[in-house]
Amino acid sequence: MHLSRPHGDKSCDRYYHESVTQSFTDENWPSGQRLCRARSERGGGLEAHASLPGYRRQWGISPRTRYRLGECDALVAAIRSAPLLPAEQQRLLDAALARGAYATTAIGGNPLRPGEVSGVPASQRPPSGEHPLDAEVRNAASTAYRLLTEATTDPAAADASLLLRAHHGIGDGLGEHFAATPGHFRGAELATGESAPRGGEVPELVDGLFSWLDREFPHSHSGGEFGGAVVRALVTHVYLLWIRPFDDGNGRAARLIESCVLVSAGAPAITSQILTCFYHRTRAEYRRQLEIAGRDRSPTPFIAYAAEGLRDGLRETLEEVRLAHLRGAWRGFVFDTFDGQPHRKRTVFLRRRDLMLAFPLDGALEIDQVAVLDTRIALRYGQLSQRTLRRDLAFLVRIGLLEQGEDGFSANTAALRPLAKQP
Numbered sequence: 035m036h037l038s039r040p041h042g043d044k045s046c047d048r049y050y051h052e053s054v055t056q057s058f059t060d061e062n063w064p065s066g067q068r069l070c071r072a073r074s075e076r077g078g079g080l081e082a083h084a085s086l087p088g089y090r091r092q093w094g095i096s097p098r099t100r101y102r103l104g105e106c107d108a109l110v111a112a113i114r115s116a117p118l119l120p121a122e123q124q125r126l127l128d129a130a131l132a133r134g135a136y137a138t139t140a141i142g143g144n145p146l147r148p149g150e151v152s153g154v155p156a157s158q159r160p161p162s163g164e165h166p167l168d169a170e171v172r173n174a175a176s177t178a179y180r181l182l183t184e185a186t187t188d189p190a191a192a193d194a195s196l197l198l199r200a201h202h203g204i205g206d207g208l209g210e211h212f213a214a215t216p217g218h219f220r221g222a223e224l225a226t227g228e229s230a231p232r233g234g235e236v237p238e239l240v241d242g243l244f245s246w247l248d249r250e251f252p253h254s255h256s257g258g259e260f261g262g263a264v265v266r267a268l269v270t271h272v273y274l275l276w277i278r279p280f281d282d283g284n285g286r287a288a289r290l291i292e293s294c295v296l297v298s299a300g301a302p303a304i305t306s307q308i309l310t311c312f313y314h315r316t317r318a319e320y321r322r323q324l325e326i327a328g329r330d331r332s333p334t335p336f337i338a339y340a341a342e343g344l345r346d347g348l349r350e351t352l353e354e355v356r357l358a359h360l361r362g363a364w365r366g367f368v369f370d371t372f373d374g375q376p377h378r379k380r381t382v383f384l385r386r387r388d389l390m391l392a393f394p395l396d397g398a399l400e401i402d403q404v405a406v407l408d409t410r411i412a413l414r415y416g417q418l419s420q421r422t423l424r425r426d427l428a429f430l431v432r433i434g435l436l437e438q439g440e441d442g443f444s445a446n447t448a449a450l451r452p453l454a455k456q457p
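Throughout the sequence shown, residue numbering follows the working numbering, covering 35 to 457 in sequence.
The following block contains the structure:
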């Protein structure tokens, strides 16, 4: 199947920036300095400075948004404190990064869907010779894996250097399919009709942005105020789109830096792609919020919109972690229960234990469904009578691992829950 970007839509990132900057700037401003001065005169977030661009706070946090940020703080603390086996952590991280890679490239115009690339191993570079759309997704995954892993161990400062590294990873090896030099700020003037600071002023604007954010959010680091780190990450995202530091890949770079800021502040890496996936799921609203931010010269509504999406995503992640704990505890419970059962035939003992381990933790199964739970179970019970299967199921009910009801057989996970009155 031949896949290409829609005609005239090489990158949705560019669309977002054009929409935002047409309201954010005056037409044909000749310099970043004039950009700063004009925005200051109109009450915008940048202030004039004798030599370097200056910035100032131009947003507010409503009580509702402040409450959402508090919820995010509590949810992150709960996820961070939950122990996970290394294999389970890696599974959740790989799944998150794969979802995030598809989401961020889809926002940028990549039409691939999950399953159309043969896996996205987060820690591997794109294979040479693959389709550029595949490589774009793999670039996004591998760059996120590298930078976010660093952010959990030895976090680099959120600065121009990190932004350039992110951009280099995103565009590396894409050649003519990436309309920018990976890891380099734009230098050429924009096409007619596109409005943004001049290329030569981008380095000063970017340095000024990150220096200002360091002063504005002095406690947005690990162990500091997570709510403040969320606001910092969102402001960074929006302001980078306003500056448009690159000819291509601005959205992907801004979203990755946003993730790095959150992980550096203590968010578990498995939560790093929540916002990117949220933006993709609500793509029309994402565009609308960016346009409003540009029109009003304030990211206040964008912060409220994103904080709610982050809160919802953290709830879902906490549920994933809870299920991972349940799977681990259930497996241990099954082994402990069988260890306490006398048996005469080892083959029968192992067959019944394997059957129990293959059972799903939710839902009920009829006996015909039990016989084909997975390939190994199907092969084993395909050589035995249904009477044997019924006898095995009756044994599992008798030792308290299965429950039998009108809908069939189900795992007795209630045995692992604390005794309490049901609500």
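A virtual CB, placed ideally from N, CA and C, is assigned to each residue, including glycine.
- As DSSP reads the structure, Tyr339 sits in no beta bridge.
- If the five residues before and after Pro335 are omitted, its C-beta is found closer than 8 angstroms to the C-beta atoms of Gln323, Ile326 and Ala327, all from its own chain and listed in chain order.
- By the neighbour-count criterion, in which a residue is buried when 16 or more other Cβ atoms sit within 10 angstroms of its Cβ, His271 is buried.
- Between Arg361 and Phe372, the C-beta spacing is not below 8 angstroms.
- Taking the CA atoms as reference points, His218 sits about 11 angstroms from Gly233.
- Taking 8 angstroms as the cut-off, the Cβ atoms of Gly347 and Ala299 do not count as close.
- Taking 4 residues as the minimum length, the alpha helix (DSSP H) runs contained wholly in the segment 184-218 are 194-205, in order along the chain.
- For Glu259, there is no enclosing beta strand (DSSP E), as DSSP marks it with neither H nor E.
- The segment 397-416 and the segment 354-370 do not touch, with fewer than three beta-carbon pairs separated by less than 8 angstroms.
- Judged by their CB atoms, Leu399 and Leu290 are not nearer to each other than the 8 angstroms cut-off.
- In this structure, the alpha-carbon of Asn173 lies about 50 angstroms from that of Gly374.
- In the displayed model, Phe280 falls within coil according to three-state DSSP, outside both helix and strand.
- Around Asp241, the same chain offers Ala194 as residues with beta carbons nearer than 6 angstroms, after the five sequence neighbours per side are excluded.
- Residues of the same chain with a CB within less than 6 angstroms of the CB of Ala288, apart from the 5 flanking positions on each side, are His271, Leu274 and Leu275 in chain order.
- 8 angstroms or more divides the Cβ of Ala445 from the Cβ of Phe383.
- In terms of Cα proximity to Gly94, the closest of Arg356, Asp396, Met390 and Tyr339 is Tyr339.
- In the same chain as Arg100, and ignoring 5 residues on each side of it, the C-beta atoms closer than 8 angstroms to its own belong to Gly261, in chain order.
- Per DSSP, reduced to three states, the secondary structure at Ser444 is strand.
- Taken through DSSP and simplified to helix, strand or coil, Leu181 comes out as helix.
- The C-beta distance from Phe367 to Leu450 rounds to 6 angstroms, short enough to meet the 8 angstroms contact threshold.
- Taken through DSSP and simplified to helix, strand or coil, Leu413 comes out as helix.
- Remark: C-beta atoms of Pro302 and Arg220 do not approach each other more closely than 8 angstroms.
- Contact annotation, Gly207 with Ala169: C-beta distance approximately 6 angstroms; criterion of less than 8 angstroms satisfied.
- In the DSSP assignment, Gln403 falls within the unbroken alpha helix (DSSP H) covering Ile401 to Val404.
- DSSP places Leu423 in the uninterrupted alpha helix (DSSP H) bounded by Gln420 to Arg432.
- For Glu437, the enclosing beta strand (DSSP E) stretches over residues Leu436 to Gly439.
- Exclusion of the five residues before and after Thr177 leaves Gly203 and Ile204 as the residues of its chain whose Cβ lies within less than 6 angstroms of its Cβ.
- The beta carbon of Leu352 sits closer than 7 angstroms to those of Leu109, Ala112 and Ile113, all from its chain and outside the five residues before and after it, given in chain order.
- Put simply, the backbone Cα of Phe429 is about 52 angstroms away from that of Val264.
- According to the DSSP assignment, Gly374 belongs to no alpha helix (DSSP H), since it is labelled neither H nor E.
- Put simply, of Gly397, Leu296, Leu357 and Arg414 the residue whose alpha carbon is nearest the alpha carbon of Ala191 is Leu296.
- In the DSSP assignment, Pro452 falls outside any alpha helix (DSSP H) and carries neither an H nor an E.
- Taking Arg286 as the centre and dropping the five residues before and after it, the same chain places the C-beta of Thr138, Gly142 and Ile204 closer than 6 angstroms to its C-beta, in chain order.
- If the five residues before and after Met390 are omitted, its C-beta is found closer than 7 angstroms to the C-beta atoms of Val368, Leu430 and Leu435, all from its own chain and listed in chain order.
- Taken in chain order, the whole alpha helix (DSSP H) runs of length 4 or more contained in the segment 86-127 are 97-115.
- For Arg220, no alpha helix (DSSP H) run applies, since DSSP gives it neither H nor E.
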